[in-house]
Amino acid sequence: MDLLLDSFISAILLLKSLDAELYAIVLVSLKVASSSTLIASFIGIPAGFAIAFKEFPGKRTVITILNTLLALPTVVVGLFVYTFISRRGIFGPLDLLYTQKAIVIGQVILIIPIVTTFTIAAISHIDDRYRKTAITLGATTLQTAVLIFREGRFGIMAAVIASFGRVIAEVGISMMLGGNAKGFTRTMTTAMALEYDKGEFILAVALGLILLTISFTVNLFFNYLQGRARV
Amino acid sequence: MLFGIKNLTKVYGGRKVLDIPELTLEKGKVYGLLGPNGSGKTTLLEILSFLLPPTTGKIVYDSRKVDFSESFLRGLRTEVIMVEQQPILFTTSVYKNVEFGLKVRKKPKKYRKKIVHEVLDLVGMRGFAEASAHKLSSGETQRVAIARALACSPKVIMFDEPTSNVDVENQIAIEGILRDINVRKGISVILATHNRIQATKLSDRIVFLFNGKPASSIYENIFSGLVRTDGGGNTYCLIHDKVRLVVWTDKTGYVKISVNPEMIKIFPAREVSSGDHGFVGRVIQLTDEGGDVRALVDIGIPISVLIGREEYKKAPILTGERVALVCPPESIEVM
Numbered sequence: 275m276d277l278l279l280d281s282f283i284s285a286i287l288l289l290k291s292l293d294a295e296l297y298a299i300v301l302v303s304l305k306v307a308s309s310s311t312l313i314a315s316f317i318g319i320p321a322g323f324a325i326a327f328k329e330f331p332g333k334r335t336v337i338t339i340l341n342t343l344l345a346l347p348t349v350v351v352g353l354f355v356y357t358f359i360s361r362r363g364i365f366g367p368l369d370l371l372y373t374q375k376a377i378v379i380g381q382v383i384l385i386i387p388i389v390t391t392f393t394i395a396a397i398s399h400i401d402d403r404y405r406k407t408a409i410t411l412g413a414t415t416l417q418t419a420v421l422i423f424r425e426g427r428f429g430i431m432a433a434v435i436a437s438f439g440r441v442i443a444e445v446g447i448s449m450m451l452g453g454n455a456k457g458f459t460r461t462m463t464t465a466m467a468l469e470y471d472k473g474e475f476i477l478a479v480a481l482g483l484i485l486l487t488i489s490f491t492v493n494l495f496f497n498y499l500q501g502r503a504r505v
Numbered sequence: 003m004l005f006g007i008k009n010l011t012k013v014y015g016g017r018k019v020l021d022i023p024e025l026t027l028e029k030g031k032v033y034g035l036l037g038p039n040g041s042g043k044t045t046l047l048e049i050l051s052f053l054l055p056p057t058t059g060k061i062v063y064d065s066r067k068v069d070f071s072e073s074f075l076r077g078l079r080t081e082v083i084m085v086e087q088q089p090i091l092f093t094t095s096v097y098k099n100v101e102f103g104l105k106v107r108k109k110p111k112k113y114r115k116k117i118v119h120e121v122l123d124l125v126g127m128r129g130f131a132e133a134s135a136h137k138l139s140s141g142e143t144q145r146v147a148i149a150r151a152l153a154c155s156p157k158v159i160m161f162d163e164p165t166s167n168v169d170v171e172n173q174i175a176i177e178g179i180l181r182d183i184n185v186r187k188g189i190s191v192i193l194a195t196h197n198r199i200q201a202t203k204l205s206d207r208i209v210f211l212f213n214g215k216p217a218s219s220i221y222e223n224i225f226s227g228l229v230r231t232d233g234g235g236n237t238y239c240l241i242h243d244k245v246r247l248v249v250w251t252d253k254t255g256y257v258k259i260s261v262n263p264e265m266i267k268i269f270p271a272r273e274v275s276s277g278d279h280g281f282v283g284r285v286i287q288l289t290d291e292g293g294d295v296r297a298l299v300d301i302g303i304p305i306s307v308l309i310g311r312e313e314y315k316k317a318p319i320l321t322g323e324r325v326a327l328v329c330p331p332e333s334i335e336v337m
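Protein chains in written order, with our numbering: chain E, 275 to 505; chain U, 3 to 337.
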């Protein structure tokens with residue numbers, strides 16, 4: 275208990291001292307997680323919308339596969355991407371391994387199923403009367419789709435929040451593809467793992483506090499947006 | 003001619019829910035589509051507002067044969083709008099809801115503003131323009147939905163049970179709006195309702211629907227019951243194990259029956275001795291219906307009786323009073 279309390283107090287002092295190393299780690303984490311979330315959203319939201327909105331053969335199978343991919347372990351994604359970008363892999367010459375780009379690639383693969391399935395759920399649960407009303411008021415298919423997208427925006431926001439939460443907290447991909455290089459690919463979670471290995475809990479606890487604060491702030495921001503949008 | 007329908011059917015899961023051999027609706031009129039729940043009113047409205055293709059049949063709208071291809075329908079949908087029984091408003095302000103149809107028609111902003119205010123005035127909702135649409139009561143929602151449809155300047159508006167979920171105040175307001183839009187704006191109105199009084203009050207013509215088919219008149223007092231024959235050879239229908247109505251039928255087992263309210267005789271309870279066709283009950287409601295009086299009597303089941311004005315004057319009854327009813331077998335149709 276003393277260890278936790280001491281670490282906690284020291285972590286607060288470290289945060290107050292504006293330690294450069296600490297903030298570099300936080301910045302890398304935010305940059306990588308934001309990039310992955312943005313790219314996955316650009317792919318996953320339209321894909322989810324199209325799957326939910328359109329009827330096509332094999333739709334159920336696609337949804338089942340996506341649901342299965344929700345349980346994808348980060349180490350599996352790490353291994354999978356590693357085989358492509360390692361020196362002997364087909365993308366080896368691009369020198370992606372142990373870069374932030376490598377982490378982003380892995381994280382995008384990890385969260386595309388999350389964004390897509392959450393978007394499918396959000397769009398599928400929208401009352402069919404919205405579609406009928408838009409059509410009877412003379413809307414084209416595209417205008418109807420835009421309206422449905424607007425009505426499903428809270429669910430889609432939830433998809434983005436969940437995805438961001440998943441990538442900012444993951445450690446497997448960042449470690450395997452980023453390599454935990456100080457100042458380059460060291461993220462909050464990889465740094466925490468390293469500090470734990472070294473038996474240095476202060477930085478680990480400080481990073482943990484920052485991680486939770488970021489998640490809380492992001493959720494607070496989206497809640498605020500949702501509240502405004504519902505008016 | 004507004005709509006011409008020939009051999010129209012709609013089948014859902016192997017069940018024919020609509021079967022109309024022929025129906026013609028004229029322009030500029032208010033049509034009441036009258037029938038009990040499940041008679042196919044909503045399905046017919048959805049087909050006529052081009053939201054649902056029929057399974058078979060031909061529809062002519064405004065001298066144009068409808069081919070139900072998406073590109074063809076888009077043009078027609080700008081002229082025909084349906085307001086649903088429980089309309090849904092978009093998650094935004096009342097103003098933006100009403101503006102939607104004009105926006106998708108790419109009307110200029112200034113014009114949109116003018117029309118939105120005009121139609122909100124017409125339905126008495128101008129003061130709610132900036133209100134959040136999802137915070138309105140069901141009556142207000144219905145009025146905004148009507149304004150949203152009117153903003154598109156349609157030639158025809160279909161209303162599906164427009165007052166079924168609203169309070170009396172809104173019901174009166176909505177009925178006034180329906181009359182107004184037909185008389186002042188010349189919009190043809192097709193109104194689906196199961197309320198006979200409302201249909202009579204608002205419509206120029208009434209189309210009766212029963213079990214998906216046009217009927218010569220509305221079936222009322224519809225009950226499910228079991229047909230049996232007693233020791234004396236009389237065939238009767240037992241409803242809810244309470245009421246025995248003598249019927250003329252060869253059918254057996256569970257059936258649906260309809261009792262014609264105009265053919266039921268009603269007397270003060272003391273004047274009648276209980277017979278095969280007689281029941282004693284209590285009057286629970288009296289309403290004026292275009293000169294006649296409609297009495298709702300509880301005889302174990304609620305049954306509606308239509309009494310002629312003169313007949314009523316001769317033997318007036320009051321709510322709460324005990325009365326006797328006679329339902330002759332000829333007043334009962336086994337369906």
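The beta carbon of each residue, even a glycine, is placed where N, CA and C say it ideally should be.
Extent of the continuous alpha helix (DSSP H) to which residue i belongs
i	result
Asn172/U	170–185
Lys456/E	First-last for Lys456/E: undefined, no H or E at that position.
Ser398/E	374–398
Thr45/U	43–50
Val146/U	140–152
Glu469/E	462–472
Ile334/U	Note, Ile334/U: premise wrong, no alpha helix (DSSP H); beta strand (DSSP E) at 334–336.
Arg405/E	402–410
Where the beta strand (DSSP E) through residue i begins and ends
i	result
Thr58/U	58–63
Gly6/U	5–14
Arg424/E	Taken as a continuous stretch (DSSP letters only), Arg424/E belongs to no beta strand (DSSP E), being part of the alpha helix (DSSP H) at 415–425.
Arg230/U	224–231
Leu20/U	17–27
Ala326/U	324–328
Ile159/U	158–162
Lys267/U	267–270
Val32/U	32–36
Chain E contact for residue i (CB, 8 Å cutoff)
i	result
Leu53/U	yes
Glu120/U	no
Asn129/U	Here residue 129/U is Gly; the residue named in the question, Asn, does not match the sequence. No, no contact with chain E.
Phe70/U	no
Phe102/U	yes
Cys239/U	no
Arg145/U	no
Glu163/U	no
Arg311/U	no
Arg114/U	no
Arg150/U	yes
Glu86/U	yes
Contact with chain U by residue i, beta-carbon distance below 8 Å
i	result
Val505/E	The pLDDT assigned to Val505/E is 48, lower than 50, so where the model puts this residue is not dependable, and the model offers no usable value.
Asn497/E	no
Ile409/E	yes
Interface residues of chain U facing residue i [CB-CB closer than 8 Å]
i	result
Gln417/E	Val106
Tyr404/E	Ile90, Phe92
Residue i: contacting residues in chain U (beta-carbon distance under 7 Å)
i	result
Ala413/E	Val106
Asp401/E	Ile90
Under 7 Å by beta carbon: chain E residues contacting residue i
i	result
Thr80/U	Gly412
Ile83/U	Thr410, Leu411
Glu142/U	By Cβ distance, chain E contributes nothing, its closest Cβ being about 17 Å from Glu142/U, past 7 Å.
Interface partners of residue i on chain E, CB under 8 Å
i	result
Leu76/U	In the sequence as presented, Leu is not what sits at residue 76/U; that position holds Arg. By Cβ distance, chain E contributes Gly412, Thr414.
Cys154/U	Leu411, Gly412
Going along the chain, which unbroken runs of the beta strand (DSSP E) with 3 or more residues stay wholly within the region 287–336 of chain E? none
Can you list, in chain order, the residues of the region 418–430 of chain E whose Cβ is nearer than 8 Å to any Cβ on chain U? Of all residues in the region 418–430 of chain E, those with a C-beta nearer than 8 Å to a C-beta of chain U are Leu421, Arg424, Glu425, reading in chain order.
Where in the region 191–259 of chain U do unbroken runs of the alpha helix (DSSP H), each at least 4 residues long, occur, reported from the N-terminal end onward? 198–204
I'd like the ranges of any alpha helix (DSSP H) spanning at least 4 consecutive residues and lying wholly in the region 64–129 of chain U. Taking 4 residues as the shortest admissible run, the region 64–129 of chain U contains the following complete alpha helix (DSSP H) segments, listed from N- to C-terminal end: 72–79, 96–106, 111–124.
Ordered list of beta strand (DSSP E) runs contained in the region 277–310 of chain U, each at least 3 residues: 280–291, 294–300, 304–309
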